[in-house]
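For reference, the structure discussed in these notes is given below.
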Amino acid sequence: MAGKKEHPYKPHHWDADVLREAKYFEVVLESGERFKAKLLGINEYNMLLETEEARIFLPKHSIRYVVLERFVEEEDDEA
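At position 78 of the sequence shown the residue is numbered 78 (UniProt numbering), and the sequence of numbers has no breaks.
Right under this line is the structure:
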């Protein structure tokens, strides 16, 4: 279709593309636990993350939401 602007990410890759662009991000789990991480790998059901303590293999269904880097840094600056 002429004139239709396409989103820069393919819908099925949005999570992977955005998280790869972010240097670090904050993960909030369904349990309420929060930690900063860097994405090392991702597939349909799991994420391989690097935290300050270890590399972890995290099932996506355990994640409540993710806060991207610029917001994580702003929160840290206010503390």
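For each residue, glycine too, the CB sits at the ideal point set by N, CA and C.
Quick caveat, the model's predicted, so the values are computed rather than measured.
C-alpha gap between Lys23 and Ser31, whole angstroms: Answer to the nearest angstrom: the Cα atoms are 24 Å apart.
Residues that DSSP places opposite Gly41 in a beta bridge: Beta-bridge partners of Gly41 (DSSP): Leu48.
Outcome for Ala37 when other beta-carbon atoms lying within 10 angstroms are tallied against a minimum of 16: Buried, by the Cβ-count rule.
Leu19 in three-state terms, based on DSSP: Of the three classes helix, strand and coil, the one that applies to Leu19 here is helix, per DSSP.
Identity of the residue in Leu39, Ala16, Phe25, Leu58 nearest Val67 by Cα: Taking each of Leu39, Ala16, Phe25, Leu58 in turn and checking the Cα distance to Val67, the smallest one comes out for Phe25.
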